[in-house]
Structure formats: C-alpha cells, structure tokens
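Chain order of the listed sequences is A and B. When we follow our numbering, the leftmost residue of the first sequence carries the number 89, and every step to the right adds one. When we follow our numbering, the leftmost residue of the second sequence carries the number 34, and every step to the right adds one. Note that the Cβ used here is the ideal one computed from N, Cα and C, for glycine as well. Input: a single structure, listed below in structure tokens.
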Amino acid sequence: DAKTTQPPSMDCAEGRAANLPCNHSTISGNEYVYWYRQIHSQGPQYIIHGLKNNETNEMASLIITEDRKSSTLILPHATLRDTAVYYCIVRGGYNFNKFYFGSGTKLNVKP
Amino acid sequence: GAVVSQHPSRVICKSGTSVKIECRSLDFQATTMFWYRQFPKQSLMLMATSNEGSKATYEQGVEKDKFLINHASLTLSTLTVTSAHPEDSSFYICSASSSSGQETQYFGPGTRLLVL
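Structure follows, in structure tokens:
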C-alpha cells in the first residue's frame, strides 16, 4: 500500500547537505507527507512532516513541490550519525491515521 | 516529550509458547497505538491498529487469534504472540499517537523476538 517511491540508497559527504527525494505522484489533497528515519535495529525516529508548505525544524527541512507530487528532505550538514534508512510516508485519505512504509532510502554519510 | 517504551527489548522463547510485548507511552496519552513487524533487511509492515477501550483492527493477512492486542489504558498496549513458531521470529515495533490518529506517530525502540 506504500504510495511513495524513493531511491534505494544515496551517499553523502560528512558536513555536506543531504538531499533525499521522494515521489508521491498519487497524493491527494488531504494527505500529509511524513519523514522518519531508522537507525539499525532501532525504532523509527520522527523527522518532519508537511501538507503543502515547506517546513523546517531543528533536524531538517522539507521541500514540497507546488503540485505536491514530490518532496525533498534536506539535512543541512550531514554527520556520520545521520547514516540511516529514511522513509517518506504519505498519510491521510481513507486510511487517515495509518502509516504504510515503503522501502526507504539508505543514506550513507561518509567521512 | 513523546517517548514510547517497549518491554522486553529482546526475548527468546520455545516454539509453542506465548510471548507478551508491552508498549507504553511515557509522557502522553495515546488514544491510538499501532503494531508493526519488521523482518531483516525489510521495511516495517503494519499489523494492526488499536484504540483505547475497543477491539484492534488488523491488516489483511494478519491473524487476529495469533496476535492478540489489548489496549486497556491510554498509556499501555500489549501484543501477545500466541503459540509462537520460528517463523514468528521478527522485530516487533509499536507506535503511539496522542489523539485519534491525527497526530504524529512516535515509535518505540522495538522488541526482537527469537522463537527456537
């Protein structure tokens, strides 16, 4: 039921910005875009979410395109501890409160 | 804030026994809790949704008599794997949200179950 598409893996140099894309071309008007990450053998950690507008918090920025069919999670200064699997999830609509995880993007931050 | 705990963190049991996993929201009241399982190198799969004081709703293909869920209070949900078999070995993760699912889900650290 996952409605998002993400690249399976990405590399990023430590200290540089990591830009993780997500395609959600079938998103509907009342569905939110959520981002979580999972470090090996731990539970997922909430990062950020948004509906239409770009969002920023202490962890990351979320850029949502005007047509809402894709988004980008930006980690402004990646560190080695940001190495994780990043999941982009669309939540809302008929299954308003459920999360269906796709396969995510494995971000490898390298020194 | 928004801390979710799970107990135990890992458990080993014999085939045929039942195992109970607890999920607690420590600093908020969780109207809705969710249970997921994750096999090695795979993504999380939603098993069921539980609302406080009512029966859990299970995803298609998840046996409700095999995976018993109880959400008796606003801070505690339990998952019991009944008559566990080796194929039930997995990483079980719960999450909680603070209202009727309209808020962000916060995840527990997970419970690793190994059935021998």
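The C-beta of Q71(B) has 16 or more other C-beta atoms within 10 Å across all chains shown, which makes the residue buried. Assignment of P132(A) by DSSP, reduced to helix, strand and coil, places it in the coil class. For V197(A), the enclosing beta strand (DSSP E) covers residues 193-198. Under the three-pair Cβ rule at 8 Å, the region 165-180 of chain A counts as touching the region 123-131 of chain A.
In the three-state reduction of the DSSP assignment, L101(B) falls in the strand class.
The C-alpha of S42(B) is placed about 19 Å away from the C-alpha of Q75(B). For the 9 Å CB-CB criterion, L168(A) and L161(A) do not form a contact. Taken atom to atom, the span from the alpha-carbon of G141(B) to that of T153(A) is near 31 Å. Note on geometry: alpha-carbon atoms of N103(B) and K157(A) lie some 38 Å from one another.
Short of 8 Å from the beta carbon of D98(B), and not among the five residues preceding or following it, lie these beta carbons of its own chain, in chain order: T115.
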